[in-house]
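If you're matching them up, the sequences are chains A and B in order.
Letter 37 of the first sequence, counting from 1, is numbered 36 in numbering that gives the first Met the number 0, and no numbers are missing.
Letter 129 of the second sequence, counting from 1, is numbered 128 in numbering that gives the first Met the number 0, and no numbers are missing.
These notes concern the structure reproduced below.
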Amino acid sequence: MEMGENETTTRILIIDDEESILDGCRQALEKSGYQVITTSVGADGVRIARDKRPELAFIDLKMPGCSGMDLIELISKDMPEIVLIVITGYASIVSAVEAMKKGAYDYLPKPFTPDQIRAVTKRGIEHRLLKIEADGLREEKERMERNFITFVSHEMRSPLVTIQQYIESLKMIAGETLNEDAVGIIDRCDKRIQSLQDLIEHWLDMSRIDKGTFSENKEPIIITPIIERTIEELTPLCEKRGIVIESDLKQKPPKIIGDQESLLRVFSNIIGNATKYTMPGGKISVINDFDDFYVYVKVTDTGSGIPQDKLPFIFEPFFRVKGKQERQKGSGLGLTFSKKIMEAHNGKIEVSSKEGSGTTFVLKFPRLYET
Amino acid sequence: MDTKKKILLIDDDKDFLMATKLILEKGGYEVFLAEDGKSGVETAKSVSPDLAIIDMMMETWSEGFNVVSILRTSETGKQIPLIMLSAVDLQGPYQSFEPPENLPTVDLVLHKPIKADELLHQIGNLLKAG
Numbered sequence: 000m001e002m003g004e005n006e007t008t009t010r011i012l013i014i015d016d017e018e019s020i021l022d023g024c025r026q027a028l029e030k031s032g033y034q035v036i037t038t039s040v041g042a043d044g045v046r047i048a049r050d051k052r053p054e055l056a057f058i059d060l061k062m063p064g065c066s067g068m069d070l071i072e073l074i075s076k077d078m079p080e081i082v083l084i085v086i087t088g089y090a091s092i093v094s095a096v097e098a099m100k101k102g103a104y105d106y107l108p109k110p111f112t113p114d115q116i117r118a119v120t121k122r123g124i125e126h127r128l129l130k131i132e133a134d135g136l137r138e139e140k141e142r143m144e145r146n147f148i149t150f151v152s153h154e155m156r157s158p159l160v161t162i163q164q165y166i167e168s169l170k171m172i173a174g175e176t177l178n179e180d181a182v183g184i185i186d187r188c189d190k191r192i193q194s195l196q197d198l199i200e201h202w203l204d205m206s207r208i209d210k211g212t213f214s215e216n217k218e219p220i221i222i223t224p225i226i227e228r229t230i231e232e233l234t235p236l237c238e239k240r241g242i243v244i245e246s247d248l249k250q251k252p253p254k255i256i257g258d259q260e261s262l263l264r265v266f267s268n269i270i271g272n273a274t275k276y277t278m279p280g281g282k283i284s285v286i287n288d289f290d291d292f293y294v295y296v297k298v299t300d301t302g303s304g305i306p307q308d309k310l311p312f313i314f315e316p317f318f319r320v321k322g323k324q325e326r327q328k329g330s331g332l333g334l335t336f337s338k339k340i341m342e343a344h345n346g347k348i349e350v351s352s353k354e355g356s357g358t359t360f361v362l363k364f365p366r367l368y369e370t
Numbered sequence: 000m001d002t003k004k005k006i007l008l009i010d011d012d013k014d015f016l017m018a019t020k021l022i023l024e025k026g027g028y029e030v031f032l033a034e035d036g037k038s039g040v041e042t043a044k045s046v047s048p049d050l051a052i053i054d055m056m057m058e059t060w061s062e063g064f065n066v067v068s069i070l071r072t073s074e075t076g077k078q079i080p081l082i083m084l085s086a087v088d089l090q091g092p093y094q095s096f097e098p099p100e101n102l103p104t105v106d107l108v109l110h111k112p113i114k115a116d117e118l119l120h121q122i123g124n125l126l127k128a129g
């Protein structure tokens, strides 16, 4: 009985040296509408598989002059889309397990009934379809992730840039004719757009860290100048807000391996956060020190503090400790970003806080031993 | 006689052109716009601007560079100050972007968005120097 060779017929290859097995399989499977190809010569198996591209192949483990195990290894590497099922004559679980390690999906112990081979076949075909679907989805997901970063960076940023340019020109051409309220509104728009841009930047940075494409120029550095630069940049803001920022910095701590730019942003994030949550009249202190293992930076504020039950979540994206005044505006990714950067430096970020009296962040970097 | 200095602005973002044009006109310049590299080069030929501002990334990543190359080798373009605009974060996915060989020189690179007074200040300096 010969089935029609149409496109949708599932092809099954059976490689076994026993003609009676081949006949039995053929009868059982053709009855269910499969197209069956058989060979009793193990060495021909690979050539036929290449030629006919069956969806499924049954392979006898024990054939004269040919190792079924080698066949499985070869076909599973060469044609991974073919689902391989082992026929094992000596019902040995050990050899079946070994075959499955080499890429077989299932095994069929001899002797078997037509119903058994049909059941194993059905399962194998279902497995194949699921695998194809899963592979497709994974590829699609990876492609989308790649495109998305490019998309975000260009398609989302460029309109923001253009809006900012419009605001610039609006201020330029209408600046003198606008009243104070109108100027205030324009400034607020400008600020909100800026924070949207920051959000995109932070988010892009994080996806780059996750994908391992974040550009880091790691080199042996002393962190003190980076801390000093951060404090210098934040001092005007602190003065404006009536917060004292003081520092006690060791000028010659051991070097660490670090990327200046990303560390500058981590320190800006952590110290900047402190300025957001500290009331006028409060104080932020920054010190650095080292022990036998770590160089660390400690940032303490006298701010509103973080409730104990919220502490475990502060590094989660977009998590916010709601302040009474609700004026904290940020990307919601600053701490997440900082933590990832610290991890990329094999460092740690630790936080302790007491509600109402302040928060302390400690950034720890493995110290570099110079020889 | 019109003594206004002429500025050619080449960018594929119409809104960006408009916004920047308003700033430049307020600054007292006569502004010519082009939305792509090809018409930018043609406009340069026909109006002989005193300065040109070119977006780095238009249709393709290298279009801005190509325009600069062509302008720099043309009669009108080789004398005047050229400003290149960039909105590209070179840390990002464009890291792999390699600028063309023999990168043509511009007088200044500015990052978008550009503060109005910064733009006028820089243009003033470049035109004074030239």
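The beta-carbon is built from N, C-alpha and C at its ideal position, and this holds for glycine as well.
Per the DSSP calculation, A/D105 is bridged to which residue(s)?
Answer by DSSP bridge pairing, in chain order: A/I84.
Candidates A/S194, A/Q164, A/R187, A/D290: which alpha carbon is nearest A/G333's?
Selected option, being the one with the closest Cα: A/S194.
In whole angstroms, give me the CA-to-CA distance for B/T2 and B/Y28.
The straight-line gap from Cα to Cα measures roughly 9 Å.
Taking the Cβ atom as the reference point for each residue, do A/G102 and A/P79 lie within a distance shorter than 9 Å?
Their beta carbons are under 9 Å apart, which means A/G102 touches A/P79 by this criterion.
contact_flag[the stretch 25-43 of chain B, the stretch 7-17 of chain B] where n(CB pairs < 8 Å) is 3 or more
Short answer: they touch.
Please go through the same chain and pick out, in chain order, the residues whose beta-carbon is closer than 8 Å to the beta-carbon of B/G76, but skip the five residues on each side of it.
Non-local beta-carbon contacts of B/G76 in its own chain, meaning distances under 8 Å to residues more than five positions away in sequence, involve A43, A51, I69, L70 in chain order.
When you compare the CB positions of A/V285 and A/E245, do they come within less than 9 Å of one another, or not?
Less than 9 Å separates the beta-carbon of A/V285 from that of A/E245.
Residues within the stretch 7-34 of chain B neighbouring chain A, beta-carbon criterion of under 7 Å
Listed in sequence order: D12, D14, F15, A18, T19, L21, I22, K25.
Give a yes or no on contact between the stretch 292-309 of chain A and the stretch 343-362 of chain A, applying the rule of three or more CB pairs nearer than 8 Å.
The stretch 292-309 of chain A makes contact with the stretch 343-362 of chain A, as at least three CB pairs between them are under 8 Å.
A/P113 to A/Q26 span [Cα, whole Å]
Cα-Cα distance, rounded: 8 Å.
Need the endpoints of the alpha helix (DSSP H) that A/L177 sits in, please.
Careful: A/L177 lies outside any alpha helix (DSSP H) and carries neither H nor E.
Candidates B/V105, B/H110, B/V46, B/G26, of which the one nearest B/A33 by Cα:
Distances from the CA of B/A33 to each of B/V105, B/H110, B/V46, B/G26 were compared; the closest alpha carbon is that of B/V46.
Identify every residue that forms a DSSP beta bridge with A/A56.
DSSP, once it has assigned bridges, lists A/L12, A/L83 as partnering A/A56.
With 7 Å as the limit, tell me which residues of the stretch 161-174 of chain A have their beta carbon closer than that to any beta carbon of chain B; keep them in chain order.
Listed by position along the chain: T161, Q163, Q164, Y165, E167, S168, K170, M171, I172.
Could you check whether the stretch 306-320 of chain A touches the stretch 221-231 of chain A, counting it as contact only if at least three pairs of C-beta atoms, one from each stretch, sit closer than 8 Å?
Contact annotation: the stretch 306-320 of chain A does not touch the stretch 221-231 of chain A, with fewer than three C-beta pairs closer than 8 Å.
For B/K4, three-class secondary structure by DSSP:
It is coil, neither helix nor strand.
Near A/V243, which residues of its chain fall below 6 Å by C-beta distance, leaving aside the five closest residues on each side in sequence?
Here the set comprises K282.
Looking at B/A18 and A/S168, is the spacing between their C-beta atoms short of 9 Å?
Yes, Cβ-Cβ distance for A/S168 and B/A18 is below 9 Å.
For A/M143, count neighbouring Cβ atoms within 10 angstroms of its own Cβ and tell me buried if that reaches 16, exposed if not.
With fewer than 16 other Cβ atoms within 10 Å, it is exposed.
B/D49 to A/I348, Cα distance in whole Å?
About 54 Å.
Hey, is B/I113's beta-carbon within less than 9 Å of any beta-carbon in chain A?
For B/I113, the nearest beta carbon of chain A is closer than 9 Å to its own beta carbon.
Assigned exposure category for A/N345 - 16 Cβ within 10 Å defines buried
Exposed, since its Cβ has fewer than 16 Cβ neighbours within 10 Å.
Taking 9 Å as the CB-CB limit, is B/A86 close to chain A?
Answer yes: the Cβ-Cβ gap between B/A86 and chain A drops below 9 Å somewhere.
Below 8 Å on the Cβ atoms is my contact criterion, and I expect A/V85 with A/A98 to pass it. Report the Cβ-Cβ distance as a whole number of Å.
Confirmed, about 4 Å.
With distances taken from CA atoms, which of A/I58, A/D69, A/E154 is nearest A/I116?
Comparing alpha-carbon positions, the option among A/I58, A/D69, A/E154 lying closest to A/I116 turns out to be A/I58.
By Cβ distance, which residues of its chain are closer than 7 Å to A/R240, with the 5 residues on each side in sequence left out?
So the list reads T274, P279, once near-sequence residues are dropped.
Are any of the Cβ atoms in chain B nearer than 9 Å to that of A/R46?
Among the residues facing chain B, A/R46 is not included, as its CB has no counterpart in that chain under 9 Å away.
Give the secondary structure of A/N345 by DSSP, where H, G and I count as helix, E and B as strand, and everything else as coil.
Collapsing the DSSP output to three states places A/N345 in coil.
Taking all protein chains shown into account, do 16 or more other C-beta atoms lie within 10 angstroms of the C-beta of B/D54, making it buried, or fewer, making it exposed?
Result: buried.
Start and end of the beta strand (DSSP E) containing A/F364?
Start and end: 357-365.
Measuring only the C-alpha atoms, how far is A/L367 from A/H126?
Distance between the alpha carbons of A/L367 and A/H126: 51 Å.
On the CB-based measure, 16 or more other CB atoms within 10 Å of its CB, does B/T72 come out buried or exposed?
Counting Cβ neighbours within 10 Å, B/T72 comes out exposed, since fewer than 16 surround it.
For the stretch 91-117 of chain A, list every residue whose C-beta sits within 7 Å of some C-beta in chain B, in sequence order.
Interface annotation for the stretch 91-117 of chain A against chain B: empty, criterion Cβ-Cβ distance under 7 Å.
Could you spell out where the beta strand (DSSP E) holding A/T299 opens and where it closes?
Under the DSSP assignment, A/T299 falls in the beta strand (DSSP E) whose first and last residues are 293-300.
Take A/V151 as the anchor and find which of A/D16, A/Y293, A/K251, A/S206 has the nearest alpha-carbon.
Of the candidates A/D16, A/Y293, A/K251, A/S206, the residue whose Cα lies closest to the Cα of A/V151 is A/S206.
Run down chain B in chain order and give the residues with a C-beta less than 7 Å from the C-beta of A/S157.
Listed by position along chain B, the residues whose Cβ is nearer than 7 Å to that of A/S157 are D12, A86.
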